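Trainee:
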């Protein structure tokens, strides 16, 4: 298990990671979501002992990374897309890493096969495409057969086939009982892969919940209503606990109430509706709305939803 | 494949050493830099020997008297030491430049042990290479000198010390360079610093008033090397071994700073 306690990283006075508390447990895929620059990579680097936390701590099975007996056999990681020497062959890159944790040559062949690089194992890694390089990084993460695995943006730059492959791989690894922590800025990809999500924005924890709950709480509950008696309806709906924003002179974007409830409330008050439509926000939209406070993400936000979301 | 939690032995220093060995032998730049070291050292030493042999008739009696065939046959070390130093620098900076360093550090729980493994592995390579090129230069040089100028037999006074000591000097200086590489992190910056310390600093010091330059000069790595190559004792310098000891002290200090930087900084 990975446990972060008040994990914080400051760069020259700027908070990159702000008092994060979360856990990554075995047997499931934990998605790590946030826009680019939210602090995902820094968090992962702190888990792996590459960056030192300014405050707080992150423990792997109760130990700091530097206390691990055999790091590769405890936690495997894909952090940088190209963490290899371009002049070294894929096999030699893996052999050098394997040696550090007394991992056999057979295991190197095994992981090469697992990621589909056997045929190019003796080619210099500098000749690899982005996708092949990514596979080599994944092979390195898998070397130690570790019960915990970290992947930082593993689908970046991959073709659809590669993305599908990674999705199946991560699901399979979790099914074997491993704890998978995978970061992405693509909500849609996470929805298909993760069981659990940890969402951060500007270094702060925004959500830490089951994927199913996250989807329920953050999508498909917006209703667009048009009525000539907008202000009246607005007051009424507010009394029923809804939050809303005006879209145009007679339109309202309502959250917190089911579409049917809105219709019934309007009917019982005798308010004519010109339009009543449930807007099923995609997960991408949900993610966007969750991130709306994030400055780096505000470039073209069209609809502002008010109120609190999980 | 299932998740196993069998108890494993702790990562050992030997594991890290064997990893460094795989790394050093699996890139072309190692072989290339070693070849450059050998060609520069042996080639320029031979040229130096050939040149003086060809001009021996024009050499003044005073110069003939002071002629040191051993030191002359090692003149290529001037450039060879830089090439070996560059390899020392690359041991670390190549990992930073390629991003391999994050893979290395996430595979090892102690950065200090990784550094020590790099030092030990490179020290072995550097000593072997330093001694090979030093002895090869000496024998090639003596062969070119023989028949024209006086030559030095390996059994002569201080000759073996000079030749073997020069190989050792190259190796220690290259370890110094490795430490600079860790501190500076960038290949170009580290090479510039290294060349400045080894070659440019002595030139600057000669521009100072003699009394001052004599005092400073003996502390420079370059002077240590010159003294080691010579069979005669030089004025205003430490003895050959004391000088090498001084260089070793510099190297240990640089490596200690490197270790501190490595651990205090984010990778």
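Residue numbers (my numbering), protein chains in the order written: chain A, 4 to 313; chain B, 221 to 487.
Think of the CB as a built atom: it goes at the ideal place given N, C-alpha and C, for glycine as much as any other residue.
In this text, all values refer to a predicted model and were calculated from it rather than measured experimentally.
Are the beta-carbon atoms of residue 236 (chain B) and residue 335 (chain B) separated by less than 7 Å?
Mentor: No; because the gap between Cβ atoms is not below 7 Å, this pair is not in contact.
Trainee: Start and end of the beta strand (DSSP E) containing residue 250 (chain A)?
Mentor: Run containing residue 250 (chain A): none; DSSP gives neither H nor E here.
Trainee: Does chain A have any CB closer than 7 Å to the CB of residue 236 (chain B)?
Mentor: Judged by the 7 Å Cβ criterion, residue 236 (chain B) is in contact with chain A.
Trainee: For residue 199 (chain A), write down the residues that DSSP places opposite it in a beta bridge.
Mentor: Paired residues: A:33, A:213.
Trainee: State the DSSP-derived secondary structure class of residue 225 (chain A), mapped to helix, strand or coil.
Mentor: Three-state result, residue 225 (chain A): strand.
Trainee: Which residues does DSSP pair with residue 7 (chain A) in a beta bridge?
Mentor: Looking at the DSSP assignment, residue 7 (chain A) forms a beta bridge with A:25, A:61.
Trainee: Counting only C-beta atoms, is residue 332 (chain B) closer than 7 Å to chain A at any point?
Mentor: For residue 332 (chain B), the answer is no, since every Cβ of chain A falls outside 7 Å of its Cβ.
Trainee: Are the beta-carbon atoms of residue 29 (chain A) and residue 163 (chain A) separated by less than 7 Å?
Mentor: No; because the gap between Cβ atoms is not below 7 Å, this pair is not in contact.
Trainee: Using only alpha-carbon positions, find the residue among A:216, A:175, A:209, A:210 that is nearest to residue 196 (chain A).
Mentor: Ranking A:216, A:175, A:209, A:210 by Cα distance to residue 196 (chain A) puts A:175 first.
Trainee: Go ahead and pull the three-state DSSP assignment for residue 242 (chain B).
Mentor: Residue 242 (chain B) falls in the helix class under three-state DSSP.
Trainee: Going along the chain, which residues of its own chain have a beta-carbon closer than 8 Å to the beta-carbon of residue 436 (chain B), five neighbours each way excluded?
Mentor: Correct list, in chain order: 425, 428.
Trainee: Tell me residue 204 (chain A)'s beta-bridge partners as DSSP assigns them.
Mentor: According to DSSP, residue 204 (chain A) bridges with A:207.
Trainee: Can residue 45 (chain A) and residue 72 (chain A) be called in contact, C-beta distance under 7 Å?
Mentor: No. Outside cutoff.
Trainee: With distance defined between alpha-carbon atoms, name the residue in A:125, A:62, A:249, A:57 nearest to residue 227 (chain A).
Mentor: Closest by alpha carbon: A:249.
Trainee: Using a C-beta cutoff of 7 Å, does residue 83 (chain A) count as contacting chain B?
Mentor: Closer than 7 Å to some Cβ of chain B, the Cβ of residue 83 (chain A) qualifies, so yes.
Trainee: So what's residue 457 (chain B) in DSSP terms, helix, strand or just coil?
Mentor: Note: residue 457 (chain B) maps to coil in three-state DSSP.
Trainee: With a cut-off of 7 Å, does the C-beta of residue 15 (chain A) fall near any C-beta of chain B?
Mentor: It does not: the Cβ of residue 15 (chain A) has no partner Cβ on chain B nearer than 7 Å.
Trainee: Under 8 Å, with one C-beta from each stretch per pair, do the region 205 to 214 of chain A and the region 228 to 238 of chain A reach the 3-pair mark?
Mentor: No, they do not touch.
Trainee: Could you tell me the alpha carbon to alpha carbon distance between residue 223 (chain B) and residue 115 (chain A), rounded to whole angstroms?
Mentor: The predicted position of residue 223 (chain B) is uncertain, since its pLDDT is 47 and thus under 50; a value taken from the coordinates is nonetheless stated next. Straight-line Cα distance between these residues: approximately 19 Å.
Trainee: Buried or exposed: which applies to residue 257 (chain B), given that a residue is buried once 16 or more other Cβ atoms fall within 10 Å of its Cβ?
Mentor: Classification of residue 257 (chain B): buried, given that the 10 Å Cβ count is 16 or more.
Trainee: So, for residue 399 (chain B): in the same chain, excluding its five sequence neighbours on each side, which residues have a beta-carbon less than 6 Å away from its beta-carbon?
Mentor: Within the same chain, residue 399 (chain B) has close Cβ partners 474, 475, 478.
Trainee: Kindly indicate if chain B contains any beta-carbon less than 7 Å away from that of residue 103 (chain A).
Mentor: Yes, residue 103 (chain A) lies at the interface with chain B (some Cβ there is under 7 Å from its Cβ).
Trainee: Report yes or no: is there a C-beta of chain A within less than 7 Å of the C-beta of residue 338 (chain B)?
Mentor: Answer no: the Cβ-Cβ gap between residue 338 (chain B) and chain A never drops below 7 Å.
Trainee: Inspect the beta-carbon positions of residue 451 (chain B) and residue 379 (chain B) and report whether they are closer than 7 Å.
Mentor: The answer is yes: Cβ separation under 7 Å.
Trainee: So, is the C-beta of residue 242 (chain B) closer than 7 Å to a C-beta in chain A?
Mentor: Answer yes: the Cβ-Cβ gap between residue 242 (chain B) and chain A drops below 7 Å somewhere.
Trainee: Are the C-beta atoms of residue 44 (chain A) and some chain B residue less than 7 Å apart?
Mentor: Residue 44 (chain A) does not count as touching chain B.
Trainee: Sort out for me which residues DSSP pairs residue 335 (chain B) with in a bridge.
Mentor: According to DSSP, which records beta bridges pairwise, residue 335 (chain B) is partnered with nothing at all.
Trainee: For residue 146 (chain A), report the span of its alpha helix (DSSP H) as first-last.
Mentor: No alpha helix (DSSP H) contains residue 146 (chain A), which DSSP labels as neither H nor E.
Trainee: What residues of chain A sit near residue 314 (chain B), judged by a beta carbon separation below 7 Å?
Mentor: 88, listed in chain order.
Trainee: Just curious, the alpha helix (DSSP H) that residue 311 (chain B) is in, first and last residue?
Mentor: Element bounds for residue 311 (chain B): 297 to 318.
Trainee: For residue 434 (chain B), I'd like the list of residues in its chain whose CB is within less than 8 Å of its CB, leaving aside the five on either flank, ordered along the chain.
Mentor: Same-chain partners within the cutoff: 456.
Trainee: Got a sec: is the Cβ-Cβ distance from residue 402 (chain B) to anything in chain A below 7 Å?
Mentor: No, no contact with chain A.
Trainee: How big is the Cα-Cα spacing for residue 280 (chain A) and residue 217 (chain A)?
Mentor: Straight-line Cα distance between these residues: approximately 22 Å.
Trainee: Just mark residue 105 (chain A) as buried or exposed, buried being the case when its beta carbon has 16 or more other beta carbons within 10 Å.
Mentor: Per the 10 Å Cβ criterion, buried.
Trainee: Does the beta-carbon distance from residue 127 (chain A) to residue 92 (chain A) come in below 7 Å?
Mentor: Going by C-beta atoms, residue 127 (chain A) is nearer than 7 Å to residue 92 (chain A).
Trainee: Could you give the C-beta distance for residue 415 (chain B) and residue 302 (chain B), rounded to a whole number, given that I count them as a contact under 8 Å?
Mentor: So it is a contact: roughly 6 Å between Cβ atoms.
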